[in-house]
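Chains as they are written, first to last, in the working numbering: chain A, 124 to 513; chain B, 19 to 98.
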Amino acid sequence: MTNAKISPFVAIARSIGAEVAGVHATAVDRDARFPSESIKALKEHRMLSAYVPKSLGGGGATLGELVLACEALSQHCTSTAMIFAMHQIQVISILRHASDSPWFLEYIRDLVANQNLIASVTSEVGVGGEMRSSVCGLQWEGQSFKLIKHATTISYGAQADDLLVTSRCTPDGPASDQVLSLVRKADYTLEQQGVWDTMGMRGTCSPPFKLTATGKKDQVISTPFAAIASETMVPVSHLLWAGCWLGIAGAAVNKARAFVRMQGRARPGSIPPTALRLAEVASELHMLRASVDSVLREYEYLIAAEGGSADELSSMPYALKINNLKVAGSRKLPEIVSQALLICGIMGYKNDSKFSMSRHLRDAHSGALMVGNDRILATNSSMLLVLKDE
Amino acid sequence: MIDGQIRQILKEHARLAIDLAALDDAADLYQAGMTSHASVNVMLALEGNFDVEFPDRMLKRKVFESVDSIRQALSELMAN
Chain A
124 MTNAKISPFV
134 AIARSIGAEV
144 AGVHATAVDR
154 DARFPSESIK
164 ALKEHRMLSA
174 YVPKSLGGGG
184 ATLGELVLAC
194 EALSQHCTST
204 AMIFAMHQIQ
214 VISILRHASD
224 SPWFLEYIRD
234 LVANQNLIAS
244 VTSEVGVGGE
254 MRSSVCGLQW
264 EGQSFKLIKH
274 ATTISYGAQA
284 DDLLVTSRCT
294 PDGPASDQVL
304 SLVRKADYTL
314 EQQGVWDTMG
324 MRGTCSPPFK
334 LTATGKKDQV
344 ISTPFAAIAS
354 ETMVPVSHLL
364 WAGCWLGIAG
374 AAVNKARAFV
384 RMQGRARPGS
394 IPPTALRLAE
404 VASELHMLRA
414 SVDSVLREYE
424 YLIAAEGGSA
434 DELSSMPYAL
444 KINNLKVAGS
454 RKLPEIVSQA
464 LLICGIMGYK
474 NDSKFSMSRH
484 LRDAHSGALM
494 VGNDRILATN
504 SSMLLVLKDE
Chain B
19 MIDGQIRQIL
29 KEHARLAIDL
39 AALDDAADLY
49 QAGMTSHASV
59 NVMLALEGNF
69 DVEFPDRMLK
79 RKVFESVDSI
89 RQALSELMAN
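In C-alpha cells form, the structure reads like this:
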C-alpha cells in the first residue's frame with residue numbers, strides 16, 4: 124500500500140479527521156452532541172456526494188475508498204465516521220436502486236448541489252429490532268401518501284436534511300412486504316420521544332422519534348426493500364461499519380505502539396514486556412483488516428459484474444458471509460481495544476492521558492449491539508440448517 | 019400432485035399473511051408475507067418431503083419466490 128497513490132477522498136477524510144473531528148471529539152463525546160464542525164467540513168469538501176458518479180456531478184468514489192475514509196475519520200472521532208457511513212449507505216441505496224427514476228435523479232442533483240445529509244429510519248417500536256419487518260404503512264390518497272412511524276432510534280434525526288424510511292406498502296399489507304421512501308425536510312416533523320445518553324457513540328445523537336411525513340408516489344423506490352436490503356443496504360452497512368471499527372482499532376493500537384516505543388526508548392537494549400502483547404494485538408488487527416479487505420473485494424467484484432450479481436448477492440451463502448464479517452469484526456474489536464488498554468496500563472485508563480482508551484473502548488462496544496449480534500447469529504443459524512458446504 | 023404437496027408445505031410453513039388458495043402458481047410468496055425465516059422452514063420441509071437437497075447455488079430468493087419456481091427447482095433435482 125505504501126507506494127499506492129492515496130485516494131483524494133481518503134486524503135480529505137484524514138485531514139478533516141485530524142484537523143476538525145479530532146479537535147472536537149472529546150467535547151462531542153462528553154456532551155453527547157452532534158459533531159457539527161466535522162459534518163460541516165465534510166459538506167464543504169463535497170464528501171456527502173463522494174460516491175455519486177461524476178456524470179451526475181459527484182466525486183465518483185469507490186466503496187473501497189469510502190471504507191478507508193470511514194477508517195480515517197474514525198481514528199479521530201467515531202461518531203463523525205459513523206454518521207458519514209450511515210449517510211453513504213442511504214446514498215448508495217438510492218443510486219443502486221432508484222437512479223432510473225426521474226424524481227430520484229433530480230434528488231441526487233440536489234444532494235450534489237446542497238450536500239443534503241440523509242438519515243435512515245428503519246427502526247420501529249413493535250418489530251423487536253427486525254429491520255425486515257414494518258408495523259407502519261403508507262396511507263395513500265391518490266398519488267400522495269402520509270406516514271406515521273414510531274422509530275426506536277434515528278441517528279442524527281434532528282440534524283438530518285432528509286430521511287429514508289422503511290414501511291409497508293400499505294397499512295394493511297404484510298409486515299415483510301416493505302418499501303423505502305425518501306421524505307424531504309419540509310414534508311416531515313419529528314417529535315423526540317426520549318434522550319440519547321449512552322456509553323459510547325454519543326455524538327451520533329440517536330434518540331427515539333415519532334415521524335409524521337407526507338410525500339408523493341415518486342418518492343417511493345419501486346424496487347422492494349427486500350432486494351435493496353440484501354443486495355445493497357446490508358453488505359454496504361457491514362463494510363462501512365467495519366471501516367469505522369478499523370479506525371477505532373487502529374487508533375487504540377497506535378496508542379499502544381507509541382506507549383511501547385516510549386518504554387523501549389527508556390531502556391535501550393531490553394525489550395519491554397508489553398512488546399509481546401503489542402505483537403499479539405498487531406496480528407489481531409491485521410486479521411481484522413484482512414477479513415474486511417476480502418469481503419470488500421468480493422462485493423466490489425460482484426457489483427461490477429454484468430448481470431447475475433443481484434442473484435448472487437441475494438443468495439444465502441453470500442448473506443452468511445456478509446453477516447460473518449459483522450459478527451466476527453464487532454466481537455474482535457473490543458478485544459483489540461482491551462488489549463491495547465492492558466498495554467498502556469494506568470496511562471490508558473486515565474481520561475486525561477494521551478493514551479486514554481476510554482472513548483475507543485466505549486465506542487467499540489456499540490458494534491456488537493448496533494443490530495444485535497444475537498439476532499444476526501439467529502439468522503445465520505437458521506440458514507445453516509439448509510446451507511451445505513463451505 | 020407435486021403442486022398439491024408444495025402447497026401443503028407452504029400452508030404449514032410459509033406463514034403467509036393471505037390465504038394461499040387465493041394465490042396462483044406465479045404469485046410472489048414474499049410479497050404475500052413469507053419472511054426469510056419462514057422460507058428456511060419451507061426449504062427444510064421440501065427437502066424432507068421430496069428427499070432432495072437443494073444445493074447452495076439454489077438457495078436464493080428467486081428459487082423460492084413462487085409455487086412455479088419451487089416446482090421447477092424440485093423437478094430439476096428429481097430428474098437427476
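By construction, the Cβ of each residue, glycine as well, lies at the ideal position given by its N, Cα and C atoms.
Requested in this report: Report yes or no: do three or more beta-carbon pairs, one from the stretch 433-447 of chain A and one from the stretch 374-383 of chain A, lie closer than 8 Å?
Outcome: Here the stretch 433-447 of chain A does not lie against the stretch 374-383 of chain A, with fewer than 3 beta-carbon pairs under 8 Å apart.
**Report entry** Unbroken alpha helix (DSSP H) run spanning A/K272, endpoints
**Finding:** Within the first sequence, the letter at position 149 stands for residue 272 of chain A. Where A/K272 is concerned, there is no enclosing alpha helix (DSSP H), although the beta strand (DSSP E) it sits in stretches over 267-274.
Query raised in the report: Considering only residues of the same chain and omitting the five flanking positions on each side of A/T337, which have a CB-CB separation below 6 Å?
Result: If you number the first sequence from 1, residue 337 of chain A lands on position 214. Its chain contains K269, D310 as the residues whose beta carbon lies nearer than 6 Å to that of A/T337, once the 5 sequence neighbours on both sides are disregarded; these appear in chain order.
Query raised in the report: From A/N447, A/R482, A/S461, A/F478, pick the residue whose C-alpha is nearest to that of A/N496; which is it?
Result: Taking the first residue of the first sequence as position 1, residue 496 of chain A is located at position 373. A/N496 has its Cα closest to that of A/N447, out of A/N447, A/R482, A/S461, A/F478.
Requested in this report: Could you tell me which chain B residues have their CB closer than 8 Å to the CB of A/A155, listed as they occur along the chain?
Outcome: By one-based count along the first sequence, residue 155 of chain A stands at place 32. Those within 8 Å of A/A155 in chain B number zero; the least Cβ separation is about 35 Å.
Query - Environment of A/S406 [buried if 16+ CB atoms lie within 10 Å] - result: Sequence index remark: in the first sequence, residue 406 of chain A carries index 283 (1-based). Residue burial annotation: A/S406 is exposed, with fewer than 16 other C-beta atoms found within 10 angstroms of its C-beta.
Query raised in the report: For A/I139 versus A/A164, is the C-beta spacing smaller than 9 Å?
Result: Residue 139 of chain A sits at position 16 when you count from the first residue of the first sequence. Residue 164 of chain A sits at position 41 when you count from the first residue of the first sequence. Against a cut-off of 9 Å, the Cβ pair of A/A164 and A/I139 comes out as a contact.
Report task. Consult DSSP for A/G183 and reduce its assignment to one of helix, strand or coil. Result -> The residue labelled residue 183 of chain A in the question sits at position 60 within the first sequence. In the three-state reduction of the DSSP assignment, A/G183 falls in the coil class, being assigned neither a helical nor a strand state.
Query raised in the report: Residues bridged to A/E314 by DSSP?
Result: Sequence index remark: in the first sequence, residue 314 of chain A carries index 191 (1-based). Paired residues: A/K333.
Query raised in the report: Can you tell me the Cα-Cα spacing of A/M254 and B/F68, whole angstroms?
Result: Translated into positions along the first sequence, residue 254 of chain A becomes position 131. Translated into positions along the second sequence, residue 68 of chain B becomes position 50. Approximately 33 Å, taken between the alpha carbons.
Report task. Count the other C-beta atoms from every protein chain shown that fall within 10 angstroms of the C-beta of A/T125, then say buried if there are 16 or more, exposed otherwise. Result -> Taking the first residue of the first sequence as position 1, residue 125 of chain A is located at position 2. Residue confidence for A/T125 is low, a pLDDT of 49 falling below 50, so the modelled location carries little weight; the figure read from the coordinates is stated next. Around the beta carbon of A/T125, fewer than 16 other beta carbons lie within 10 angstroms, which makes this residue exposed.
**Report entry** Below-9 Å beta-carbon distance, A/R255 vs any chain B residue
**Finding:** One-based indexing of the first sequence puts residue 255 of chain A at position 132. True, the Cβ-Cβ gap to chain B drops below 9 Å.
Query raised in the report: Does the Cβ of A/V143 have 16 or more other Cβ atoms within 10 Å, making it buried, or fewer, making it exposed?
Result: Taking the first residue of the first sequence as position 1, residue 143 of chain A is located at position 20. Buried is the call here.
**Report entry** alpha helix (DSSP H) runs contained entirely in the stretch 187-248 of chain A, provided each spans 4 or more residues
**Finding:** Taken in chain order, the unbroken stretches of alpha helix (DSSP H) that lie wholly in the stretch 187-248 of chain A and span 4 residues or more are 201-221, 225-237.
Requested in this report: Assign A/K128 to one of three DSSP states: helix, strand, or coil.
Outcome: Translated into positions along the first sequence, residue 128 of chain A becomes position 5. It is coil, neither helix nor strand.
Requested in this report: Determine the extent of the alpha helix (DSSP H) in which A/W364 is found, giving its start and end residues.
Outcome: In the first sequence, counting from the first residue as 1, residue 364 of chain A sits at position 241. Per DSSP, the unbroken alpha helix (DSSP H) holding A/W364 starts and ends at 357-389.
Query raised in the report: Got a sec: is the Cβ-Cβ distance from B/Q26 to anything in chain A below 9 Å?
Result: As a position in the second sequence, residue 26 of chain B is number 8, starting the count at 1. Contacts with chain A at 9 Å (Cβ-Cβ) do not include B/Q26.
Query - Spatially closest choice to A/R482 from A/Q213, A/T321, A/A242, A/L508, by CA coordinates - result: The residue labelled residue 482 of chain A in the question sits at position 359 within the first sequence. The option with the nearest alpha carbon to A/R482 is A/T321.
Query raised in the report: A/R485 and A/G323 look like a contact to me (Cβ under 8 Å); what is the Cβ gap, rounded to whole Å?
Result: As a first step, residue 485 of chain A is located in the first sequence; it is residue number 362 there, counting from the start. As a first step, residue 323 of chain A is located in the first sequence; it is residue number 200 there, counting from the start. That belief holds up - the Cβ atoms of A/R485 and A/G323 are roughly 3 Å apart, short of 8 Å.
Report task. Show which residues of chain B have a CB atom less than 7 Å away from the CB atom of A/D512. Result -> Numbered from 1 along the first sequence, position 389 holds the residue referred to as residue 512 of chain A. Those within 7 Å of A/D512 in chain B are D74.
Query - Same chain only: Cβ atoms within 7 Å of A/K339, ignoring 5 sequence neighbours per side - result: For the purposes of this step, residue 339 of chain A is taken as residue 216 along the first sequence, with counting starting at 1. So the qualifying residues of the chain are Q266, S267.
Query - Contacts of A/L508 in chain B (Cβ-Cβ under 7 Å) - result: Here residue 508 of chain A refers to the residue found at position 385 of the first sequence. The contacting residues are V58, L62.
Query - CA-to-CA distance, A/Q301 to B/E30, given in whole angstroms - result: Start at 1 with the first residue of the second sequence, and residue 30 of chain B comes out as number 12. Start at 1 with the first residue of the first sequence, and residue 301 of chain A comes out as number 178. Rounded to whole angstroms, B/E30 to A/Q301 spans 23 Å at the Cα level.
Query raised in the report: Pairing CB atoms from the stretch 176-193 of chain A with CB atoms from the stretch 145-162 of chain A, are three or more of them under 8 Å?
Result: Here the stretch 176-193 of chain A makes no contact with the stretch 145-162 of chain A; the two share fewer than three CB pairs at distances below 8 Å.
Query raised in the report: Using Cβ-Cβ distances below 7 Å, what residues of the stretch 31-43 of chain B are close to chain A?
Result: Of all residues in the stretch 31-43 of chain B, A35 have a Cβ within less than 7 Å of some Cβ in chain A.
Report task. Residues of the stretch 276-301 of chain A with a CB closer than 8 Å to any CB of chain B: list them in chain order, please. Result -> Interface annotation for the stretch 276-301 of chain A against chain B: G296, P297, A298, S299, D300, criterion Cβ-Cβ distance under 8 Å.
Query raised in the report: Going along the chain, which residues of its own chain have a beta-carbon closer than 6 Å to the beta-carbon of A/R529, five neighbours each way excluded?
Result: Because residue 529 of chain A is not part of the residues shown, which for chain A are 124 to 513, the question remains open.
Requested in this report: Compute the Euclidean distance between the alpha carbons of A/V359 and A/I212, then round it to the nearest angstrom.
Outcome: Locating residue 359 of chain A in the first sequence gives position 236, where the first residue counts as 1. Locating residue 212 of chain A in the first sequence gives position 89, where the first residue counts as 1. Between A/V359 and A/I212, the C-alpha separation is close to 6 Å.
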